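Trainee: Just so you know, we're using the numbering used here here: the sequence shown kicks off at 2 and counts up by one. For every residue, glycine included, the Cβ atom is placed at its ideal position computed from N, Cα and C. Note that the structure is a prediction, hence the values are computed from the model and not measured.
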Amino acid sequence: LGVSTENMWLGPAQRMPLLMGASAPGFPHVFVGTTRPHDIGIGRIEAQAFWGRLTESDYFDGDPENDHALLAGLSVVFEPAFARGLFIGANRMHMAGWSGSDPSAIFIDPYIDVRGNPYGDNQLLSLYARWVLPDAGFEIYGEWGRDDHWENWKDLLLEADHSQVYMLGFQKT
Numbered sequence: 002l003g004v005s006t007e008n009m010w011l012g013p014a015q016r017m018p019l020l021m022g023a024s025a026p027g028f029p030h031v032f033v034g035t036t037r038p039h040d041i042g043i044g045r046i047e048a049q050a051f052w053g054r055l056t057e058s059d060y061f062d063g064d065p066e067n068d069h070a071l072l073a074g075l076s077v078v079f080e081p082a083f084a085r086g087l088f089i090g091a092n093r094m095h096m097a098g099w100s101g102s103d104p105s106a107i108f109i110d111p112y113i114d115v116r117g118n119p120y121g122d123n124q125l126l127s128l129y130a131r132w133v134l135p136d137a138g139f140e141i142y143g144e145w146g147r148d149d150h151w152e153n154w155k156d157l158l159l160e161a162d163h164s165q166v167y168m169l170g171f172q173k174t
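Below you can see the structure in the form of structure tokens.
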């Protein structure tokens with residue numbers, strides 16, 4: 002559990018991550034999560050949820066009504082017991098207008114529904130895999146992301162390439 006303003010890094014990329022990285026200043030946020038991988042029998046899992054307040058630049062526009070936004074995120078990484086060094090993860094972020102007086106709008110609403118876009122909000126999703134082979138000094142990773150809502154699972158599966166981004170990478174150390 003903590004409060005911070007430091008940059009957050011999500012995903013497997015060493016440079017240019019898809020969702021969050023160190024290319025911009027941090028923002029005030031609170032977070033709760035595991036401090037290290039937790040053994041669940043079939044593997045190990047790590048998770049973190051965070052909520053932050055984004056502030057619009059003074060130079061962007063003159064409308065003081067939309068100067069703040071809520072960024073809520075969830076990150077989960079699983080390492081199967083049968084394949085140590087293989088990490089499978091998912092990240093989800095939800096950005097919406099700031100409604101400072103309603104706690105459910107801040108802590109619950111971003112995780113309830115991924116369909117529709119009634120309030121002008123935005124949702125980002127990424128799925129990734131990273132395979133680390135320490136004895137060989139090699140790792141390979143890939144991530145797929147989507148920047149849009151979908152109506153149902155059929156819409157997501159049939160139009161998986163709608164507003165998508167993907168990345169593949171490797172490194173030898």
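Are the segment 129 to 145 and the segment 12 to 20 touching by the rule of at least three beta carbon pairs closer than 8 Å?
Mentor: These segments touch.
Trainee: Mapping DSSP to helix, strand and coil, what is Pro81?
Mentor: Looking up residue 81 in the sequence shown gives position 80. Strand, per DSSP.
Trainee: Taking a contact to mean a Cβ-Cβ separation below 8 Å, would you say Arg131 touches Phe88 in this structure?
Mentor: Residue 131 sits at position 130 when you count from the first residue of the sequence shown. Residue 88 sits at position 87 when you count from the first residue of the sequence shown. Closer than 8 Å, so yes.
Trainee: What do you reckon, are the CB atoms on Leu72 and Gly53 nearer than 8 Å?
Mentor: Numbered from its first residue, the sequence shown carries residue 72 at position 71. Numbered from its first residue, the sequence shown carries residue 53 at position 52. Contact flag set, yes.
Trainee: For Ala84 and Arg16, I'd like the C-alpha separation in whole angstroms.
Mentor: Here residue 84 corresponds to residue number 83 of the sequence shown, with the count starting at 1. Here residue 16 corresponds to residue number 15 of the sequence shown, with the count starting at 1. If I take the Cα positions, the gap works out to 25 Å.
Trainee: Label Trp151 either buried or exposed according to how many other C-beta atoms from any shown protein chain fall within 10 Å of its C-beta, with 16 as the threshold for buried.
Mentor: Here residue 151 is taken as the residue at index 150 of the sequence shown, counted from 1. With 16 or more other Cβ atoms within 10 Å, it is buried.
Trainee: Just reading off the beta strand (DSSP E) that Tyr87 is part of, what are its end residues?
Mentor: In the sequence shown, residue 87 corresponds to position 86, counting from 1. Before going further, note that residue 87 is Leu rather than Tyr in the sequence given. Its beta strand (DSSP E) spans residues Leu87 to Gly98.
Trainee: For His39, which residues from the same chain have a beta carbon less than 6 Å from its beta carbon, with the 5 sequence-adjacent residues on both sides left out?
Mentor: What you label residue 39 is simply residue 38 of the sequence shown in a count that begins at 1. For His39, where only same-chain residues beyond five positions count, the Cβ hits under 6 Å are Ile46.
Trainee: How is the alpha helix (DSSP H) around Asp136 delimited, first residue to last?
Mentor: The residue you call residue 136 lines up with position 135 of the sequence shown. Run containing Asp136: none; DSSP gives neither H nor E here.
Trainee: Start and end of the beta strand (DSSP E) containing Trp151?
Mentor: Numbered from its first residue, the sequence shown carries residue 151 at position 150. It is not in any beta strand (DSSP E) - Trp151 carries neither H nor E in the DSSP assignment.
Trainee: Relative to the C-alpha of Pro26, which candidate in Arg37, Thr35, Asp148 and Asn8 has its C-alpha closest?
Mentor: Taking the sequence shown and counting its residues from 1, the one referred to as residue 26 is at position 25. Ranking the options by Cα distance to Pro26, first place goes to Asn8.
Trainee: With DSSP as the reference, please indicate the residues paired to Asp40 in a beta bridge.
Mentor: To locate residue 40, count along the sequence shown from 1; it is residue 39. Asp40 pairs with Arg45.
Trainee: If you reduce the DSSP assignment to three classes, tell me which class Leu19 lands in.
Mentor: Counted from its first residue, the sequence shown places residue 19 at position 18. If DSSP states are grouped into helix, strand and coil, Leu19 belongs with coil.
Trainee: Taking Pro65 as the reference, which of Trp99, Leu19 and Gly42 has the closest Cα?
Mentor: Residue mapping note: residue 65 aligns to position 64 of the sequence shown, counting from 1. For Pro65, the nearest C-alpha among the options comes from Trp99.
Trainee: Classify Glu160 as helix, strand or coil using the three-state DSSP reduction.
Mentor: Locating residue 160 in the sequence shown gives position 159, where the first residue counts as 1. Here Glu160 sits in coil by DSSP.
Trainee: For Ala130, which residues does DSSP report across the bridge?
Mentor: The residue you call residue 130 lines up with position 129 of the sequence shown. Answer is Ile89 and Gly143.
Trainee: Can you grab the Cα-Cα spacing for the pair Ala50 / Asn153, in whole Å?
Mentor: Looking up residue 50 in the sequence shown gives position 49. Looking up residue 153 in the sequence shown gives position 152. One C-alpha to the other measures close to 24 Å.
Trainee: Is the beta carbon of Ala97 closer than 8 Å to that of Asp122?
Mentor: Mapped onto the sequence shown, residue 122 falls at position 121. Mapped onto the sequence shown, residue 97 falls at position 96. For Asp122 and Ala97, yes; Cβs fall inside 8 Å.
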